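> Residue numbers (UniProt numbering), protein chains in the order written: chain U, 1 to 133; chain P, 1 to 133.
Okay, handing you the structure first.
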DNA sequence: CTGTATCCTGTTAGATACTG
DNA sequence: CAGTATCTAACAGGATACAG
């Protein structure tokens with residue numbers, strides 16, 4: 001395992017092969033279905049309340065939404081504001097850091113728009129080819 | 001659920017909230033631990049044989065490596081070349097499409113290098129704060 | 001309204017053993 | 001060498017019920 005770190009690892013302090021490396025944690029973040037959805041939702045619609053997010057993302061369970069929100073808050077991706085009114089009110093908004101993550105997602109979006117057709121074509125071709133000789 | 005697609009969905013034909021949308025499939029792709037590792041490995045070291053990949057990525061099981069490789073081949077991300085020598089030899093190399101995915105990963109890398117310190121700081125601050133009043 | 005706690009199920013991935 | 005097949009353990013995630 002150490003061999004991997006040395007042979008392929010961090011040419012300049014960056015090693016995606018090391019699970020503890022920041023890059024891996026970021027991949028975990030943007031790779032997470034709900035995280036990316038929350039980032040996009042907040043990025044597109046500005047600050048939202050818990051119930052609004054719940055409605056927007058429709059399909060997310062309370063458990064996953066809360067869990068995702070907590071994790072993102074912990075990572076400094078969003079700000080959680082509690083207003084102690086009679087029925088409690090909680091607003092969530094992207095921090096500048098969270099907004100910058102939205103930019104990364106935008107790059108992903110661009111790649112998808114530019115190349116996803118190729119992927120579909122490749123997939124169709126692969127599935128159509130004879131099941132080996 | 002349909003409400004979500006309409007309210008937040010594809011302002012211009014792109015809807016990350018739709019699981020069948022290309023963007024989601026891409027997220028699934030780059031979010032996958034092993035896919036990103038294989039892309040980086042092949043991108044950094046050029047064509048590699050199965051056994052070399054297995055060694056490079058150290059920690060991946062045969063099952064996951066094969067599964068990942070098959071999926072990537074299907075998606076047109078890499079090319080699989082079988083040389084029917086006495087002991088069979090199989091080489092894997094990135095296609096132009098796969099190489100372009102490496103570029104996306106590069107953006108991710110840059111974001112990580114630029115902001116991951118902030119994430120760590122936020123996390124430390126969050127973990128250090130009192131467990132609520 | 002905004003969560004927390006619990007149970008329960010499906011998927012996933014690692015280990016292991018075997019084949020062309 | 002380069003896989004395939006099978007079994008099982010771990011865990012993520014959904015449903016549900018309840019609380020501040």
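Heads up, the beta-carbon is just placed ideally off N, CA and C, and yes, glycines get one too.
The model shown is predicted, which means the values in this text are computed figures rather than measured ones.
So what's residue 28 of chain U in DSSP terms, helix, strand or just coil?
Taking the first chain and counting its residues from 1, one reaches residue 28 of chain U at position 28. In the structure shown, residue 28 of chain U sits in a helix (DSSP, three-state: H, G or I).
> Which parts of the UniProt domain "HTH hxlR-type" (21-120) of chain P are runs of the beta strand (DSSP E), unbroken and 3 residues or longer, counting only runs that do not cross its ends?
For the UniProt domain "HTH hxlR-type" (21-120) of chain P, whole beta strand (DSSP E) runs of length 3 or above, ordered along the chain, are 78-83, 89-94.
> Please determine, among P:116, P:92, P:119, P:86, the residue with the shortest C-alpha to C-alpha distance to residue 52 of chain P.
The residue you call residue 52 of chain P lines up with position 52 of the second chain. Among P:116, P:92, P:119, P:86, the Cα nearest to that of residue 52 of chain P belongs to P:92.
> Using the C-alpha atoms, what's the distance from residue 60 of chain P back to residue 133 of chain P?
Locating residue 133 of chain P in the second chain gives position 133, counting from the first residue. Locating residue 60 of chain P in the second chain gives position 60, counting from the first residue. Confidence at residue 133 of chain P is low in this model, with a pLDDT of 49, below 50, so its placement is unreliable and the value that follows should be read with caution. Taking the straight line from one Cα to the other gives about 45 Å.
> Per the contact definition of three or more C-beta pairs closer than 8 Å, is the region 92-103 of chain P in contact with the region 35-52 of chain P?
They touch, by the three-pair rule.
> With 8 Å as the C-beta to C-beta threshold (strictly closer), list the residues of the region 55-75 of chain U near chain P in chain order.
For the region 55-75 of chain U, which is checked against every Cβ of chain P, the residues closer than 8 Å are 55, 56, 57, 58, 59, 73, 74, 75.
> Against chain P, does residue 122 of chain U count as a neighbour if the rule is that its beta carbon must be under 8 Å from one of theirs?
Locating residue 122 of chain U in the first chain gives position 122, counting from the first residue. Output row for residue 122 of chain U: interface = yes.
> Can you say whether residue 67 of chain P is buried or exposed, counting buried as having 16 or more other CB atoms within 10 angstroms of its CB?
Here the question's residue 67 of chain P lines up with position 67 in the second chain. Exposed, because fewer than 16 other Cβ atoms sit within 10 Å of the Cβ of residue 67 of chain P.
> By the 10 Å Cβ neighbour count, where 16 or more other Cβ atoms means buried, how is residue 56 of chain P classified, buried or exposed?
Against the second chain, residue 56 of chain P aligns to sequence position 56. So residue 56 of chain P counts as buried.
> Can you tell me the Cα-Cα spacing of residue 83 of chain U and residue 49 of chain U, whole angstroms?
Sequence index remark: in the first chain, residue 83 of chain U carries index 83 (1-based). Sequence index remark: in the first chain, residue 49 of chain U carries index 49 (1-based). One C-alpha to the other measures close to 11 Å.
> Any Cβ of chain P within less than 8 Å of the Cβ of residue 31 of chain U?
Walking along the first chain from the start, residue 31 of chain U turns up at place 31. It does; some Cβ of chain P falls within 8 Å.
> With three or more beta-carbon pairs closer than 8 Å as the criterion, would you say the region 96-109 of chain P touches the region 70-82 of chain P?
Contact holds: three or more Cβ-Cβ distances are below 8 Å.
> So, residue 108 of chain U versus residue 30 of chain P, is the Cβ gap smaller than 8 Å?
Taking the first residue of the first chain as position 1, residue 108 of chain U is located at position 108. Taking the first residue of the second chain as position 1, residue 30 of chain P is located at position 30. Yes. Within cutoff.
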